[in-house]
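Everything below concerns the one structure shown next.
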Amino acid sequence: MLILEDVHTHYGKIEALHGVSVEVNKGEIVSLIGANGAGKTTLLMTVCGTPQASAGRVLLEGRDITHEATSNIMRSGIAIVPEGRRVFPGLTVEENLHMGGFFNTKAEIRKSQDHVYELFPRLKEREQQRAGTMSGGEQQMLAIGRALMSKPRMIILDEPSLGLAPIIIQQIFEIIGQLREEGITVFLVEQNAHQALSLADRGYVLETGRIRLHDTGTNLLANPEVREAYLGG
Amino acid sequence: MATPNFKHALFCAIVTIVIAYPILGLNLVAESTRVIVEGADTTTVISVFAAALVVFLFQLFRDRIMASLGGLPKLNPFADREHMPESKRARLESWVLTGIVVLALFWPFFVSRGSVDLATLVLIYIMLALGLNVVVGLAGLLDLGYVAFYAVGAYTFALLSQYAGVSFWMALPIGACLAALFGLVLGFPVLRLRGDYLAIVTLGFGEIIRILLNNWTALTGGPNGIGGIPDPTLFGMEFGRRVKEEGNTSFHDTFGIAYSSEHKVIFLYLIALILAVITALIIRRFMRMPVGRAWEALREDEIAARSLGLSRTAVKLSAFTIGAFFAGFAGTVFASKQGFISPESFVFLESAIILAIVVLGGMGSQLGVVLAAIAVTILPELAREFSDFRMLVFGAAMVLMMVWRPQGLMPMRRTHIQLRRQE
Chain P
1 MLILEDVHTH YGKIEALHGV SVEVNKGEIV SLIGANGAGK TTLLMTVCGT PQASAGRVLL
61 EGRDITHEAT SNIMRSGIAI VPEGRRVFPG LTVEENLHMG GFFNTKAEIR KSQDHVYELF
121 PRLKEREQQR AGTMSGGEQQ MLAIGRALMS KPRMIILDEP SLGLAPIIIQ QIFEIIGQLR
181 EEGITVFLVE QNAHQALSLA DRGYVLETGR IRLHDTGTNL LANPEVREAY LGG
Chain Y
1 MATPNFKHAL FCAIVTIVIA YPILGLNLVA ESTRVIVEGA DTTTVISVFA AALVVFLFQL
61 FRDRIMASLG GLPKLNPFAD REHMPESKRA RLESWVLTGI VVLALFWPFF VSRGSVDLAT
121 LVLIYIMLAL GLNVVVGLAG LLDLGYVAFY AVGAYTFALL SQYAGVSFWM ALPIGACLAA
181 LFGLVLGFPV LRLRGDYLAI VTLGFGEIIR ILLNNWTALT GGPNGIGGIP DPTLFGMEFG
241 RRVKEEGNTS FHDTFGIAYS SEHKVIFLYL IALILAVITA LIIRRFMRMP VGRAWEALRE
301 DEIAARSLGL SRTAVKLSAF TIGAFFAGFA GTVFASKQGF ISPESFVFLE SAIILAIVVL
361 GGMGSQLGVV LAAIAVTILP ELAREFSDFR MLVFGAAMVL MMVWRPQGLM PMRRTHIQLR
421 RQE
């Protein structure tokens, strides 16, 4: 589904990713964990084309998207839930969702909207409320819902648990599990390593711009190195 | 509590004296070839000190005065009223707007020539402000050089009529499209800029256009401007006493009525009115179309908008182009109304006034912008009796307005897009 081959990414002269190779197969949940500044978000942004990789290749469903414009990439069956949610604060919940389905027909929008409300009944209750006035958890639900509106085959989540209460995090992860049931491929980037790895089929550990470890989720959870560094021993 | 207020008040009073005394209290008198400084009469000096005293007292008791002023907005009978439901409000708004337009259609036949002339200017400002509203209010791109597009529209008509004899109706779309093209061209270099940086670049662009017009004497006549811009015609009927162009007839002859110079003024007013209404309707349409929502999404959160596959380039350029298009529209009407244009009509202050209209009216709100355009254009005229102080009154009104209603006269109510559910 998504393949990164020896990707290098630069911010100006500084190299943030030193040759990263990641593969996400269809129908999988793949987690990427790493400390602050390891390059997790950079890796996701490289997939989206801002900034573009300076070397290596990014393939989406076999198509080379390394040098494609962000707007094109984001319209080819992939959706991202950006770090920090980034809902449109002045727009209502419904309008936010409609923005997510910007390039779809009205009938498609209506269908995906019903589906999103099914996943998140809370959003249905808040339909006409401005997104900026909602709680962090609700905004995260909205951000995920908005990403689902374009009917993606693959969804990328950047730190969905950031700044949320444990009970909300639980709910969010349950929903992510549900997305897999529906056949959506999930690429999950998290600092919350325990949650992310228990849910994932496979996991990658990113350290200072390099892939350090790569294994199944369960194996990584049991790995002493990972336990030491990310799970508090 | 009392001490800092006292110090502050004393400081303010001293500043008042330092500023006011040299300006008002000392006069330069020319005596043959020399200039000598003379002290002003006692009354002036006394009033300067009286003013300083007033400033001192106000600053000293500022907290108490402001507290009592704080009770003022409650005098507004509508303050506590519940907001109307969205649909009712929208319907009321469209009825009010229709009523205003109908009234405006018949209004010029009952008032003086001067008022109609002023009203035409108001309508030109409405067009400008509605256009800038797209760029600033909806797309959130702070444009300080908007007057450049206005100038492009006006000069397009002036030059085309001078060199090619093109009529108003031909020049109208050409001027608007050329202005739109300039908007597109300006859009490219500023795509990556936001906020303050964007404001500075657009400010520079506005100045470039003005200075170009000022210095390209061979083409534009430089500071002398271009005169003799023809009036619009009504299906080949001219509004002058005598027909200027071969093949045209004159309006008063065709209808067998006595010639009156008022006909032309009213005709121009009606053209401006119709164009302003068209502008409002088109932009209203845009606001409800996907592109309108894309503008707003980009304003709210650029990264999120891009993550949904919106192209930053397309969205920003469309806002710039459409905004510039209507400035070109307004410019053509302006050139025709004045009959003479020079770079002096397109200084930075114009951009600032148009921006002030948009901000005063409430970003993104059409009705608000219309009301603000009327207020901003007419207020200096009403304050004419204060002659020298009218700009002061104007400025004070703006400051008070921003203190009491920072969100503008009529803040934008977002139109909610409801999908019709098919059962």
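Top line first, the protein sequences correspond to chains P and Y. Be aware that the first sequence starts at 1, since it is given in this note's numbering, and climbs by one per residue. Be aware that the second sequence starts at 1, since it is given in this note's numbering, and climbs by one per residue. Quick reminder that beta carbons are idealized off the backbone N, C-alpha and C, glycines included. Please read these numbers as outputs of a predicted model, since none were measured by experiment.
| Item | Value |
| --- | --- |
| Residues from the segment 85-111 of chain Y in contact with chain P, defined by Cβ distance under 8 Å | none |
| Chain Y within 7 Å of P:T133, Cβ atoms only | no |
| Three-way DSSP call (helix, strand, coil) for P:R110 in this model | helix |
| Residues bridged to P:F187 [DSSP beta-bridge criterion] | P:V30 and P:I156 |
| Inter-residue CB distance, P:Q140 and P:R227 (contact presumed, cutoff 8 Å) | Not really, about 27 Å apart at Cβ, beyond 8 Å. |
| Residues of the segment 289-315 of chain Y whose Cβ lies closer than 9 Å to any Cβ of chain P, in chain order | P290, R293, A294, E296, A297, R299, E300, D301, I303, A304, A305, R306, S307, L308, G309, L310, S311, R312, T313 and A314 |
| Proximity of Y:F106 and Y:F149 at Cβ, strictly below 7 Å | no |
| Status (buried if at least 16 other CB within 10 Å, exposed otherwise) for Y:S161 | buried |
| Y:S318 to Y:L184 span [Cα, whole Å] | 8 Å |
| Straight-line Cα distance separating Y:A330 from P:I211 | 60 Å |
| Start-end ranges of the beta strand (DSSP E) lying completely within the segment 53-105 of chain P, minimum 3 residues | 55-60 and 78-81 |
| CB contact check: P:I65 to chain Y, cutoff 7 Å | no |
| C-alpha gap between Y:R113 and Y:V265, whole angstroms | 7 Å |
| Y:D117, enclosing alpha helix (DSSP H) - first and last residue | R113 to L132 |
| Best match in Y:A52, Y:F61 and Y:I126 for proximity to Y:G323 [C-alpha to C-alpha] | Y:I126 |
| Contiguous alpha helix (DSSP H) assignments of at least 4 residues, all confined to the segment 203-278 of chain Y | 217-220 and 251-254 |
| Burial state of Y:S311, where buried means 16 or more other Cβ atoms lie within 10 Å | buried |
| Spatially closest choice to P:T70 from Y:F239, Y:R306, Y:N27 and Y:A52, by CA coordinates | Y:R306 |
| Interface flag, Y:D80 vs chain P, CB-CB below 7 Å | Low confidence applies here, because Y:D80 scores a pLDDT of 48, under 50, leaving its location unreliable; read the following figure in that light. Not one chain P Cβ lies under 7 Å of Y:D80. |
| According to DSSP, residues forming a beta bridge with P:R122 | Its beta-bridge partners do not exist; DSSP assigns none. |
| C-beta neighbour in chain Y for P:T70, strict 7 Å | yes |
| For Y:I124 and Y:F208, the rounded distance between their alpha carbons | In the sequence as displayed, the identity of residue 208 of chain Y is Ile instead of Phe. If I take the Cα positions, the gap works out to 23 Å. |
| Candidates Y:D231, Y:I200 and Y:N214, of which the one nearest Y:E344 by Cα | Y:N214 |
| Chain A residues whose Cβ lies nearer than 7 Å to that of P:M141 | The structure shown contains no chain A; the protein chains it does contain are P and Y. |
| Buried versus exposed call for Y:G339 [16 or more other C-beta atoms within 10 Å across all chains shown] | exposed |
| Cut-off 6 Å between Cβ atoms - residues of its own chain near P:G203, not counting five sequence neighbours on either side | S31, L197, G217 and L220 |
| DSSP bridge partner residues for P:H238 (one or two, in chain order) | Lying before the first or after the last residue shown, residue 238 of chain P is absent from chain P, which here runs from 1 to 233. |
| Three-way DSSP call (helix, strand, coil) for Y:N5 in this model | helix |
| Alpha-carbon to alpha-carbon, Y:T120 and Y:L273 | 8 Å |
| Cβ of P:L3 within 7 Å of any chain Y Cβ | Checking the sequence shown, residue 3 of chain P turns out to be Ile, not Leu. No, because no Cβ of chain Y sits closer than 7 Å to the Cβ of P:I3. |
| Residue-level contact to chain Y via CB, P:R57, 7 Å cutoff | no |
| P:P82 to P:L157 span [Cα, whole Å] | 7 Å |
| P:V7, buried or exposed, once every other Cβ within 10 Å from all chains shown has been counted against 16 | buried |
| Beta-carbon spacing of P:A38, P:L206 below 7 Å | yes |
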